[in-house]
Amino acid sequence: MVFMNTSLRVVGLLSAVILLFSPFAFADHAWGSYHWARTANPFTLKMGDNLTSNWDPYLATAAADWSVSTVLDVTVVASGKNAKTCRPTPGRGEVCNAKYGSTGWVGIAQIWVSGSHITQGVVKMNDTYFSKAFYNTPAWKNLVMCQEIGHLFGLNHQDESTTNANLGTCMDYTSNPGANQHPNQHDYDMLETIYAHLDTTTTLQQSSANKPQANAVESDDPREWGREIRRSSDGRASLFERDFGNGEKVFTHVFWADEGVRSLSGRLRE
Amino acid sequence: MNKAAALLIAIVLLGAAAYYFLAASANDSLGGNPEEEVNTDSNASAMRAEENMVVVSEQKPGVSIHGSLIVLAAPGYLVIHEDKDGEPGAILGASALLQAGESSNVPVTLSHAARDGETLHAMLHFEKGGNTTFAAAEDTPVPSRLGGPISGWFEVSSEGSIDIPISI
Chain A
1 MVFMNTSLRV VGLLSAVILL FSPFAFADHA WGSYHWARTA NPFTLKMGDN LTSNWDPYLA
61 TAAADWSVST VLDVTVVASG KNAKTCRPTP GRGEVCNAKY GSTGWVGIAQ IWVSGSHITQ
121 GVVKMNDTYF SKAFYNTPAW KNLVMCQEIG HLFGLNHQDE STTNANLGTC MDYTSNPGAN
181 QHPNQHDYDM LETIYAHLDT TTTLQQSSAN KPQANAVESD DPREWGREIR RSSDGRASLF
241 ERDFGNGEKV FTHVFWADEG VRSLSGRLRE
Chain B
1001 MNKAAALLIA IVLLGAAAYY FLAASANDSL GGNPEEEVNT DSNASAMRAE ENMVVVSEQK
1061 PGVSIHGSLI VLAAPGYLVI HEDKDGEPGA ILGASALLQA GESSNVPVTL SHAARDGETL
1121 HAMLHFEKGG NTTFAAAEDT PVPSRLGGPI SGWFEVSSEG SIDIPISI
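Protein chains in written order, with our numbering: chain A, 1 to 270; chain B, 1001 to 1168.
Quick look at the structure:
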């Protein structure tokens, strides 16, 4: 009887330990320990736009999706890279599309690292495949763009089987992209884990100071945020878009608290 | 019987707990001391459209080419071709035999130095003869489901990055 009581206590203790740690383990889809070095959160990662115009909406969607994260924001900036070579720029990502050939991949992300710190990254969308009817759909383009941009933050895939049920995230391999076009809460949670610590230096390209229009909407007044284009499933986070024309938009990321606006972050400039 | 069952459950749970502790410990490096991490084996798969895949980025001029990421369904080779009117031409070099699965940072030595501004083609070939060296006559190109071989072009530039990117 004494033995049984002891055994049950051990079982109970171990069960508690597992319950304590299992969500953490299952949530792990970080890409190694790679991350951008930065000294504060949320941080802003610039994405150089070297895309043809038909791809721009997909980059904008991916940037807005990932900016829902509490730890990072994505700013799309004009860039003038040769999309075929798509050379990297220190401190930011470059996003390109071209017909790269029958390479076997539809999209690829490449990062350069120093230790575990990402220093620059490149995303390529392979139009050799996207020019075919099977891939030339908004769903596939959303999925691949979202996934490759996600890799630049240090995220890996949540799942690499194309035959199981979709997980509802773009970080999930699939043969049917319908439900996998955007990040899910698991991705945002993983980003919070990856970027929970701060570094003493930064590998990010610093923002330019002269952005008068963007500064104009750095306001707590919701009337200056534009239209709400996305809200998280729990209703606690929203993303607003204000279009200044000439390709310039400002995205305002809002975390709602019960008593109203809790914090603001997020600026996406196109 | 009850004692045995309790012991069995305890052992299973202990093993599971140990696994989770190890997983959590590995993940702790994200925020613990990240500068100590080394990126020696970080290649992973890209968003694949086919079971075979080749990634070769821009290269520096010279006789040495490195494939960033190769995925093969069966043993084969990374083969570098010269460009002929935008299509793969004569073979300039081949890698050592690659096993099925993922290979990263695959070296190929060319028969002559690639020149600044030149375009080359990276193609996959399957090993067909059961040996360990590339033979163009028998080791045929890996077919793409788009038709033709699994192949992609890359440029050679003195301004290319000297770093080897990690691909995913």
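Ideal Cβ positions, reconstructed from N, Cα and C, are used throughout, including at glycine.
Residue A:H157 holds the alpha-carbon nearest to the alpha-carbon of C170 (chain A) among A:H157, A:N164, A:S161 and A:H117. Given a length threshold of 4 residues, the region 1076–1113 of chain B has no whole run of the alpha helix (DSSP H) inside it. By the CB criterion at 8 Å, G101 (chain A) and N1052 (chain B) fall outside the cutoff.
Measuring C-alpha to C-alpha distances from L51 (chain A) to each of A:A78, A:D28, A:T70 and A:V74 identifies A:A78 as the nearest. Classified as exposed, A1113 (chain B) has fewer than 16 neighbouring CB atoms from the shown chains inside 10 Å of its CB. For A83 (chain A), there is no enclosing alpha helix (DSSP H), since its DSSP letter is neither H nor E. In this structure, B:V1063 is the residue among B:T1132, B:V1063, B:I1166 and B:E1050 with its C-alpha nearest to the C-alpha of S1111 (chain B). Under the 10 Å beta carbon count, N142 (chain A) is surrounded by 16 or more other beta carbons and is classified as buried. In this structure, the CA atom of A139 (chain A) is about 34 Å from the CA atom of I1080 (chain B).
DSSP places S1151 (chain B) within a strand segment (E or B) once states are collapsed to three.
In this structure, DSSP gives V1142 (chain B) a state outside helix and strand, which the three-state scheme calls coil.
Annotation: V95 (chain A) to A196 (chain A) spans about 26 Å, alpha carbon to alpha carbon. Shown here for T1109 (chain B): same chain residues with a beta carbon closer than 7 Å to its own, the five before and five after excluded, namely V1063, S1064 and G1093 in chain order.
The residue from A:T137, A:W31 and A:D159 with its alpha-carbon nearest to that of W55 (chain A) is A:T137. Bounds of the alpha helix (DSSP H) holding Q147 (chain A) are P138 to L152. Here the alpha carbons of Y173 (chain A) and H1125 (chain B) stand approximately 26 Å from one another. Listed in chain order, the positions of the region 1137–1167 of chain B with a beta carbon within less than 9 Å of a beta carbon of chain A are V1142, S1144, R1145, L1146, G1147, G1148, P1149, I1150, S1151, G1152, W1153, F1154, E1155, S1157, E1159, G1160, S1161, D1163, I1164, P1165, I1166 and S1167. Not a single C-beta of chain A is nearer than 8 Å to the C-beta of N1105 (chain B). Taking 8 Å as the cut-off, the Cβ atoms of E1058 (chain B) and E1127 (chain B) do not count as close. With respect to the 8 Å criterion, H151 (chain A) and W31 (chain A) are classified as neighbours on the basis of their beta carbons. Take K99 (chain A), set aside five residues on each side of it, and the residues of its chain with a beta-carbon closer than 6 Å to its own are D127 and T128, in chain order. Here the alpha carbon of V106 (chain A) sits roughly 24 Å from the alpha carbon of S1157 (chain B). For the region 87–116 of chain A, the set of positions with a beta-carbon nearer than 8 Å to some beta-carbon of chain B reads R87, P88, Y100, G101, S102, T103, G104, W105, V106, G107, I108, A109, Q110, I111, W112, V113, G115 and S116 in chain order. Taking CB atoms only, A1049 (chain B) has a neighbour in chain A less than 8 Å away. With fewer than 16 neighbouring CB atoms inside 10 Å of its own CB, E1138 (chain B) falls in the exposed class. When the beta-carbon positions are compared, E148 (chain A) and V123 (chain A) come within less than 8 Å of each other. Non-local beta-carbon contacts of P1088 (chain B) in its own chain, meaning distances under 7 Å to residues more than five positions away in sequence, involve H1081, H1121, M1123 and S1151 in chain order.
In the DSSP secondary-structure assignment, R1048 (chain B) is bridged to A:W105. Spatial neighbours of A37 (chain A) in its own chain (CB-CB distance under 7 Å, excluding positions within 5 residues in sequence) are listed in chain order as H117, D199, T201, T202 and T203. A64 (chain A) sits buried, since 16 or more C-beta atoms from the chains shown fall within 10 Å of its C-beta. One finds nothing in chain B with a Cβ atom closer than 7 Å to the Cβ of T44 (chain A); even the nearest lies about 20 Å away.
Within the same chain, Cβ atoms closer than 6 Å to the Cβ of L167 (chain A) are found at Q158 and D159, the five residues on either side in sequence being excluded. Put simply, of B:P1075, B:P1061 and B:R1145 the residue whose alpha carbon is nearest the alpha carbon of S1095 (chain B) is B:P1075.
Within the region 1053–1068 of chain B, the residues whose Cβ lies closer than 8 Å to some Cβ of chain A are M1053, V1054, V1055, S1057, E1058 and S1068, listed in chain order. Looking at B:G1117, B:G1147 and B:E1102, the one whose alpha-carbon comes closest to that of L1078 (chain B) is B:E1102.
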